[in-house]
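First up is the structure itself, then whatever we jot down about it.
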Amino acid sequence: MTEILLINLIRMKTVEYLPHIADIRMKIQGSTQEELFRAGMEGIGRILKTSVFESVAKADQIQQFSLDSVDITALLVEFLNEVLMYSHTQKAVFLKLEIGYIDEHKLTAKIFGIRVEDFDDDIKAVTYHEADVIINESGIFETIIVLDI
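Everything in the sequence shown is counted per the numbering used here, starting at 4 for the first residue and increasing by one.
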C-alpha cells in the first residue's frame with residue numbers, strides 16, 4: 004500500500020508502506036525536518052486507525068514534550084516512540100504536529116489527537132533498524148522506519 008500525502012508545493016511529505024516479513028516498513032519523506040516528522044507521525048496514525056484521518060472531529064487530546072538526542076535519526080525514532088506511547092496511554096491517534104523548535108539534536112513539540120475506542124492494528128515500538136535520515140539528491144529528507152508489530 005502506498006500513500007502519498009502532499010501538503011502543498013512548498014511543504015511536502017510522503018509515506019510509502021514497504022514489504023516486510025514480520026513488521027511494517029515505511030519510507031517517509033519531507034521537504035523539511037518538520038515535514039519528515041509529520042510524515043512519520045501520520046504514517047503511524049494511519050496504521051493505528053485509518054478512519055480518524057477521514058473524520059472532521061476536533062482534537063481532544065493534546066500532549067507537549069521536549070526531546071534531546073544524539074542526532075536527527077535518533078531524534079525522529081524517539082519522537083515517533085513518544086507519539087506511540089501517548090497513543091497507547093491516551094487511547095488516541097495523533098493527527099497534528101506543532102513544532103516549537105527543531106534542530107539536529109533537540110525537538111520541542113505539541114501533538115494533537117482524537118480519542119478512539121480501539122486500534123485497527125497495534126504497533127509495539129518504532130525501531131532503529133534501517134533508520135538513517137538523509138537528504139536525498141532532490142534535497143528531500145528521507146528515511147526508512149521499521150515498526151515492531
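C-beta atoms are modelled at their ideal positions from N, C-alpha and C, and glycine is treated no differently.
Closest by C-alpha distance to residue i, when choosing among the options
| i | options | result |
| --- | --- | --- |
| isoleucine 148 | Asp121, Glu45, Ala60, Val119 | Glu45 |
| isoleucine 27 | Met15, Gly33, Leu51, Ala95 | Leu51 |
| lysine 16 | Met29, Ala25, Ile24 | Met29 |
| serine 31 | Ile24, Ala25, Tyr20 | It is isoleucine, not serine, that sits at residue 31 in the sequence shown. With distances taken between Cα atoms, isoleucine 31 lies closest to Tyr20. |
Proximal residues to residue i (C-beta, below 6 angstroms), its chain only, five neighbours per side dropped
| i | result |
| --- | --- |
| threonine 76 | Ala134, Asp135, Val136 |
7 angstroms Cβ shell around residue i - same chain, five flanking residues per side excluded
| i | result |
| --- | --- |
| valine 86 | Met44, Ile47, Phe97, Ile114 |
| valine 129 | Val80, Leu83, Asn84, Leu87, Ile148, Leu150 |
| lysine 94 | Arg118, Val119 |
Residue i (DSSP reduced to helix, strand or coil)
| i | result |
| --- | --- |
| glycine 46 | helix |
| serine 58 | coil |
| phenylalanine 122 | coil |
| isoleucine 152 | coil |
| isoleucine 10 | Model confidence at isoleucine 10 stands at a pLDDT of 40, short of 50, so the residue's coordinates are unreliable and nothing is read from them. |
With 16 other Cβ atoms within 10 Å as the buried cut-off, status of residue i
| i | result |
| --- | --- |
| arginine 118 | exposed |
| alanine 42 | buried |
| leucine 9 | Confidence at leucine 9 is low in this model, with a pLDDT of 44, below 50, so the placement of that residue is unreliable and no value is reported for it. |
Cβ-Cβ distance between residue i and residue j below 9 angstroms
| i | j | result |
| --- | --- | --- |
| lysine 2 | alanine 62 | Absent from the model: residue 2. The displayed extent of the chain is 4 to 152, so no value can be given. |
| glutamate 37 | isoleucine 105 | yes |
| glutamine 67 | threonine 111 | yes |
| phenylalanine 40 | serine 90 | no |
Neighbourhood of residue i by C-beta, 8 angstroms cutoff - its chain only, sequence neighbours within 5 removed
| i | result |
| --- | --- |
| serine 58 | Ile117 |
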